[in-house]
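Here's the structure, in structure tokens; my notes come after.
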Amino acid sequence: MSRRTSRKAFAVEDYDLAATLNSGQAFRWVKYGEGWTTVVEGRWVTLVQTGKGIEARVVEPVRDWGWLSDYLQADVDIDSITASFPDDEPMRAAVEACRGLRLLRQDPWECLASFILSSNKQITQIRQMVASICERFGEKVKRDDGDEAAHAFPSAERIAALSEKDLRECRLGYRAPYLLKSARMVADGAVDLSRMREMGCEAAREDLLRLPGVGRKIADCALLFAGGYQEAFPIDVWIMKALKELYFPRKRRVTPKRLQAFSATYFGPHGGYAQQYLFHYMRKRAGRA
DNA sequence: CTCCAGGCGCCTT
DNA sequence: AAGGCGCATGGA
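Just remember that this note's numbering sits 38 ahead of the position in the first sequence, which is counted from 1.
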């Protein structure tokens, strides 16, 4: 371990690190001893949950930890958010089962690109595809534990310069041309992800929907997990099932459009957060079956 | 073996 | 506007 190593303790309560990093919002965190590791903002990071919060370690000296605090959303008051959820039986059960689950604030391009790969795939397979493009095309990042190197998520510019064949070799299948074309549109400025957080949820969504391979669901994932728009409510097969079962149990045909309209108002200003609780709750229930 | 996966785009009605 | 289908690949 190098003496340049830098550490930081984030004092956070009600923060379940394992649940948060494994809840299908980020795909690059891997178990590392007692904690977790990945690359964030070009740095190799390890995190450990402690009694007092989260302890972080990076290789290079760090003065300002704002980038990681922001990523972890360490300053968010989770109680005020869960308190804004509708007071009904399904939400109470979800909050009870997922106490400490948080939303991260991820890099827009990494988040968007990862979810372009997510279509029609299980979370373990999304992880594999993402790992594959990072290992082959991501810049090397120094680590100090004897392992060779970690890899950053490849930039839009880097992916834009590849061929469809390069990406298909990462087993992306029919998603390869979607990722390639979207990377080129982001790289040449046709869609400006750096403005996503300022332009407002609706305008940002409209922009994202211009990208090939990005529909309503994937756009909402980027808006929620990277843009900080907590009103974005991604509806996937799990949430579809949850909403039907929990809120429309005796209706035979509930259209996605109807559910989108329902969720937009029913779950309140932090609806996307509520969505993440429902998603994780459903997956947990299915997992122990 | 079959079924389906944190969907999308395109083609029919 | 709404519904159906193909898509690459690989867990379960």
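A virtual CB, placed ideally from N, CA and C, is assigned to each residue, including glycine.
Worksheet item: Any chance the region 184-200 sits against the region 153-161, with 3 or more Cβ pairs inside 8 Å?
Response: No contact exists between the region 184-200 and the region 153-161.
Worksheet entry | Closest residue to A228 among R213, E244, R66 and A214 (Cα-Cα distance) | In the first sequence, residue 228 corresponds to position 190, counting from 1. If we check each option's Cα against that of A228, E244 comes out closest.
Worksheet item: Which residue spans inside the region 176-205 form an unbroken alpha helix (DSSP H) run of at least 4?
Response: 194-198
Practice prompt. Could you tell me which residues DSSP pairs with A47 in its beta bridges?
Written response: Reading the first sequence from its first residue, position 9 is the one you call residue 47. According to DSSP, A47 bridges with E93.
Worksheet entry | Three-state class that DSSP yields for G73 in the structure shown | To locate residue 73, count along the first sequence from 1; it is residue 35. Residue state, collapsed to three classes: strand.
Worksheet item: Buried or exposed: G238, going by 16 or more other Cβ atoms within 10 Å of its Cβ?
Response: Here residue 238 corresponds to residue number 200 of the first sequence, with the count starting at 1. That one is exposed.
Fill in: Segment contact flag, the region 118-137 with the region 93-110, C-beta cutoff 8 Å, min 3 pairs
Touching, no.
Fill in: Under 8 Å between C-beta atoms of Q163 and L142
Position 125 of the first sequence, counted from the start, is the residue given in the question as residue 163. Position 104 of the first sequence, counted from the start, is the residue given in the question as residue 142. For Q163 and L142, no; Cβs fall outside 8 Å.
Practice prompt. Give the single residue among Y70, A198, M278 and D258 whose Cα lies nearest to the Cα of E269.
Written response: Residue numbering aside, residue 269 sits at position 231 when the first sequence is read from its first letter. The option with the nearest alpha carbon to E269 is D258.
Discussion item. For A327, which residues in the same chain have their Cβ closer than 6 Å to its Cβ, ignoring the five residues on either side in sequence?
Written reply: Locating residue 327 in the first sequence gives position 289, where the first residue counts as 1. In this prediction, A327 has a pLDDT of 44, which is less than 50 and means its spatial position is unreliable; nothing more can be read from the coordinates.
Worksheet item: For the alpha helix (DSSP H) that R321 lies in, which residues bound it at each end?
Response: Here residue 321 corresponds to residue number 283 of the first sequence, with the count starting at 1. Run containing R321: G309 to G325, per the alpha helix (DSSP H) assignment.
Worksheet entry | Nearest-angstrom Cβ-Cβ length linking T88 and W74, presumed shorter than 8 Å | Residue 88 sits at position 50 when you count from the first residue of the first sequence. Residue 74 sits at position 36 when you count from the first residue of the first sequence. Not a contact, Cβ separation roughly 13 Å.
Worksheet item: DSSP beta-bridge partners for R81?
Response: Here the question's residue 81 lines up with position 43 in the first sequence. Its beta-bridge partners are V78.
Worksheet entry | Pick from G266, A225 and A214 that is closest to V168, judged by C-alpha positions | Within the first sequence, numbered from 1, the residue matching residue 168 stands at position 130. Of the candidates G266, A225 and A214, the one whose C-alpha sits nearest the C-alpha of V168 is A214.
Practice prompt. Compute the distance between the beta-carbons of L281 and L262, then report whether it is under 8 Å.
Written response: Looking up residue 281 in the first sequence gives position 243. Looking up residue 262 in the first sequence gives position 224. For L281 and L262, no; Cβs fall outside 8 Å.
Worksheet item: From E236, G251 and R235, pick the residue whose C-alpha is nearest to that of R222; which is it?
Response: Start at 1 with the first residue of the first sequence, and residue 222 comes out as number 184. Closest by alpha carbon: G251.
Worksheet item: According to the Cβ coordinates, are A264 and C149 closer than 8 Å?
Response: The residue you call residue 264 lines up with position 226 of the first sequence. The residue you call residue 149 lines up with position 111 of the first sequence. Yes; because the gap between Cβ atoms is below 8 Å, this pair is in contact.
Discussion item. Tell me the residue span of the alpha helix (DSSP H) that contains L217.
Written reply: Within the first sequence, the letter at position 179 stands for residue 217. Segment R213 to A225, the alpha helix (DSSP H) holding L217.
Worksheet item: Is it true that the CB of A94 sits closer than 8 Å to the CB of R45?
Response: Here residue 45 is taken as the residue at index 7 of the first sequence, counted from 1. Here residue 94 is taken as the residue at index 56 of the first sequence, counted from 1. The answer is yes: Cβ separation under 8 Å.
Practice prompt. Starting from V86, follow its DSSP beta bridges and name the residues at the other end.
Written response: For the purposes of this step, residue 86 is taken as the residue at position 48 of the first sequence. Its beta-bridge partners are E93.
Worksheet item: How far does the alpha helix (DSSP H) with C149 in it reach, from first residue to last?
Response: Residue 149 sits at position 111 when you count from the first residue of the first sequence. Residues P146 to I154.
Discussion item. Please report the distance separating the alpha-carbon of S61 from that of K219.
Written reply: Along the first sequence, one-based indexing puts residue 61 at 23. Along the first sequence, one-based indexing puts residue 219 at 181. Rounded to the nearest angstrom, the two C-alpha atoms are 28 Å apart.
Worksheet item: Is P250 near the ligand FMN, with its Cβ less than 7 Å from a heavy atom?
Response: Looking at this structure, you won't find the ligand FMN or any other ligand, since it has none at all.
Fill in: Endpoints, alpha helix (DSSP H) assigned at E240
Against the first sequence, residue 240 aligns to sequence position 202. Run containing E240: C239 to L246, per the alpha helix (DSSP H) assignment.
Worksheet item: Between which two residues does the alpha helix (DSSP H) harbouring T293 extend?
Response: Position 255 of the first sequence, counted from the start, is the residue given in the question as residue 293. Element bounds for T293: n/a, residue is neither H nor E.
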